[in-house]
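Heads up: the sequence lines are chains B and A, in that order. Per my numbering, the first sequence starts with residue 421, numbered consecutively. Per my numbering, the second sequence starts with residue 421, numbered consecutively. Let me begin by presenting the structure, written as structure tokens, before commenting on it.
2 protein chains.
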Amino acid sequence: MSEVAEKFARITPVPAYQMVAEAIEREILSGRLRPGDPIGTEAQLVRQFGVNRSTVREGIRLLEQSGMVQRDSSRRLAVGLPHYDQLATRASRALVLHQVTFRELWEATMALSLATIDLAVDRATDDDMRGLDANIDATEAAMDDPAAVAAYDTEFHLLLEKTGRNRVLEMAREPSNMLIYPTTHVAVQGTVAGARRLVEAHRMLVQALRTRDKEMARLWTRRHLNDWRKGFEKAGLDLDQPVDLVTASQATTS
Amino acid sequence: MSEVAEKFARITPVPAYQMVAEAIEREILSGRLRPGDPIGTEAQLVRQFGVNRSTVREGIRLLEQSGMVQRDSSRRLAVGLPHYDQLATRASRALVLHQVTFRELWEATMALSLATIDLAVDRATDDDMRGLDANIDATEAAMDDPAAVAAYDTEFHLLLEKTGRNRVLEMAREPSNMLIYPTTHVAVQGTVAGARRLVEAHRMLVQALRTRDKEMARLWTRRHLNDWRKGFEKAGLDLDQPVDLVTASQATTS
DNA sequence: CGACTATGATTGTCGGACAATCCGACCTAA
DNA sequence: TTAGGTCGGATTGTCCGACAATCATAGTCG
Chain B
421 MSEVAEKFAR ITPVPAYQMV AEAIEREILS GRLRPGDPIG TEAQLVRQFG
471 VNRSTVREGI RLLEQSGMVQ RDSSRRLAVG LPHYDQLATR ASRALVLHQV
521 TFRELWEATM ALSLATIDLA VDRATDDDMR GLDANIDATE AAMDDPAAVA
571 AYDTEFHLLL EKTGRNRVLE MAREPSNMLI YPTTHVAVQG TVAGARRLVE
621 AHRMLVQALR TRDKEMARLW TRRHLNDWRK GFEKAGLDLD QPVDLVTASQ
671 ATTS
Chain A
421 MSEVAEKFAR ITPVPAYQMV AEAIEREILS GRLRPGDPIG TEAQLVRQFG
471 VNRSTVREGI RLLEQSGMVQ RDSSRRLAVG LPHYDQLATR ASRALVLHQV
521 TFRELWEATM ALSLATIDLA VDRATDDDMR GLDANIDATE AAMDDPAAVA
571 AYDTEFHLLL EKTGRNRVLE MAREPSNMLI YPTTHVAVQG TVAGARRLVE
621 AHRMLVQALR TRDKEMARLW TRRHLNDWRK GFEKAGLDLD QPVDLVTASQ
671 ATTS
């Protein structure tokens, strides 16, 4: 027992700008401020918190990026409903910085896609399937443009998620989704055959939804993702290499 | 065609503080700045960007919250490696604001847990299992304290994730994980029997890891999560009610 | 050689200022 | 009456200068 028995809580002086951010955040989380409500002008916040405007502004910036507050048409502050992709952008960048491998991405996508398709089979409406069909048609029309195919593929799986009607799962997938697009781009750009198989898989998936055939849906999901991996390998890329480099070009342009 | 054929791109003037944030972010994502590297003092940034210090500070605040820049011991700025739970906090709060239901949470958790346990069965090392055993023993010792049980349960599943060795999946789970803890709290606080079943399930899961028995692992995962749901229902809560209220008390204290 | 101190650098906060922009009210003309 | 134009006040984005508190570091002293 070389340590002192009684431990004092660490003293961590919290800067004023953080307290401002936390105070506003508390109001939002508690429900007293609802999405869309105006936060008030900076001058009002200055009066309420009793701090300088610079401090208020720094506090607001903290909340701005996570989407808890937004600026409406005229830069006025309002409570925002943070949308998935806003947060997912940060998350996927974190994944890149952590240098996750394509293998990890593939494994996770497989599991998440199977879960999604299960839900989608149960819950698909006619409307959903019309949307999916339209997407497939569009994909087919742009078959020779790898970037367009990758974009439509992303949209297809996004529609599939919506069909599943589970927002927790949706949000769980978003970070990895953002990494999938660039790798799909690479995977289908070699051959048109890859794009053709992609469209076929999409068609079979929708058919499985129509017939509510869960087994078929799972089968084609697996095939689809195996194709994706093979395309990646065929492009000469290593499964255990960080997704870093591949996404770098895309990440900076968006 | 009442619309004009030619559409102009929207003009969105980007404030200087955002440009500062984006410039720094680009450097980090490109790899020129690596986690741990010092960013430089505010004065240096002022010189480099040619803007006022207030502007620089606002830009930094934008990056601070997502963990891309951190302040080390002495408040100096350094490139940070954003950790999962940092982003997950925002994400789980977003889920609450979106008023996701317990049913959605349960469905997603089921899918994600099954995926996790599959990987864990394949990859569990002796070290992993020792850690899990220790956690179970600790849980057993604190059986009459619902809060402690819920906390240990959370840790158990965290350890299970680490065992799976897939960081993409890990990050995908984090937001929902943060919502699970408070509901587990509620679910086991009624009866000691609930806690007992929880410990039993954990034991069987570890045994399944030992024998590399994937079917057994999946079976007990399902049972475990069904128990969790039943406990939630038994507490008189509605599956289709937003997780909002339940978590409110916890979310504000952390 | 280690503990202590002085000095400079850096951050957090403040007050004030100004241009650009936006909102709303008011006004004018067909 | 209504479409369009004008004007003043309010608000944001940015800048400047300043100061106390704190930290890092080098230098000093025991």
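Glycine included, C-beta positions come from ideal geometry on N, C-alpha and C.
- Sixteen is the threshold: when 16 or more other Cβ atoms of the shown chains lie within 10 Å of the Cβ of E445/B, as they do, the residue is buried.
- Using a Cβ distance threshold of 8 angstroms, L507/B and S474/B do not count as a contacting pair.
- Judged by DSSP in its simplified three-state form, P566/B adopts helix.
- Here R491/A is bridged, per DSSP, to L497/A.
- Per DSSP, N597/A is one residue of the alpha helix (DSSP H) stretching across 587–608.
- Neighbourhood of E524/B in chain A, by CB distance below 7 angstroms: N586, R587, V588, in chain order.
- DSSP places T521/A within a strand segment (E or B) once states are collapsed to three.
- Chain order gives the chain B residues near V520/A as N586, R587, V588, M591, where near means a beta carbon separation below 9 angstroms.
- In its chain, beyond the 5 residues on either side, L579, V626 have a beta carbon closer than 6 angstroms to the beta carbon of L552/B.
- Residue environment: V516/A is assigned as buried (16 or more neighbouring CB atoms within 10 Å of its CB, all protein chains considered).
- In the DSSP assignment, N646/B falls within the alpha helix (DSSP H) that extends over 634–654.
- The CB of S493/A never comes closer than 7 angstroms to any CB in chain B; the least such distance is about 12 angstroms.
- Sequence-ordered contacts of the stretch 458–487 of chain B with chain A read S474, R477, E478, G479, I480, R481, L482, L483, E484, Q485, S486, G487 [C-beta pairs closer than 9 angstroms].
- Within 9 angstroms of the CB of E620/B, no CB atom of chain A is found; the nearest one sits about 26 angstroms away.
- Rounded to whole angstroms, the Cβ separation of V606/A and G614/A is 10 angstroms, and the two are not in contact under 8 angstroms.
- E447/B and L449/A have their C-alpha atoms roughly 33 angstroms apart.
- A535/A and E653/B have their C-alpha atoms roughly 24 angstroms apart.
- L639/B has its alpha-carbon roughly 11 angstroms from the corresponding atom of D538/B.
- When the beta-carbon positions are compared, M591/A and Y504/A come within less than 8 angstroms of each other.
- Around the beta carbon of E635/A, fewer than 16 other beta carbons sit within 10 angstroms, so the residue counts as exposed.
- Sequence-distant partners of T574/A (beyond 5 residues in either direction) whose C-beta falls short of 6 angstroms from its own C-beta, in its chain, are Y601.
- In the DSSP assignment, no residue is bridged to P435/B.
- By alpha-carbon distance to L465/A, the top candidate from G451/A, A441/A, R452/A is A441/A.
- Under the Cβ criterion of 8 angstroms, A637/B is not counted among the residues facing chain A.
- Per the C-alpha coordinates, the member of M563/A, R616/A, V588/A positioned closest to H644/A is R616/A.
- For P502/A, at least one C-beta of chain B is nearer than 8 angstroms to its own C-beta.
- Taking all protein chains in view, the Cβ of G479/A is crowded by 16 or more other Cβ atoms within 10 Å, so the residue is classified as buried.
- Residue contact with chain B for P455/A: present (Cβ-Cβ distance below 8 angstroms to some residue of chain B).
- Beyond the five residues adjoining it in sequence on each side, M549/B comes within less than 8 angstroms, by CB distance, of V626, L629, R630 in the same chain, given in chain order.
- When the alpha-carbon of G456/B is set against those of A655/B, N646/B, V499/B, the nearest one is in V499/B.
- Counting only the Cα atoms, V471/A lies some 47 angstroms from E524/A.
- Counting the other Cβ atoms within 10 Å of the Cβ of S533/B gives 16 or more, which makes it buried.
- Here L659/B is near F522/B, since their CB atoms are less than 8 angstroms apart.
- Chain B has a Cβ within less than 8 angstroms of the Cβ of S596/A.
- At a cut-off of 8 angstroms between beta carbons, L449/A contacts chain B.
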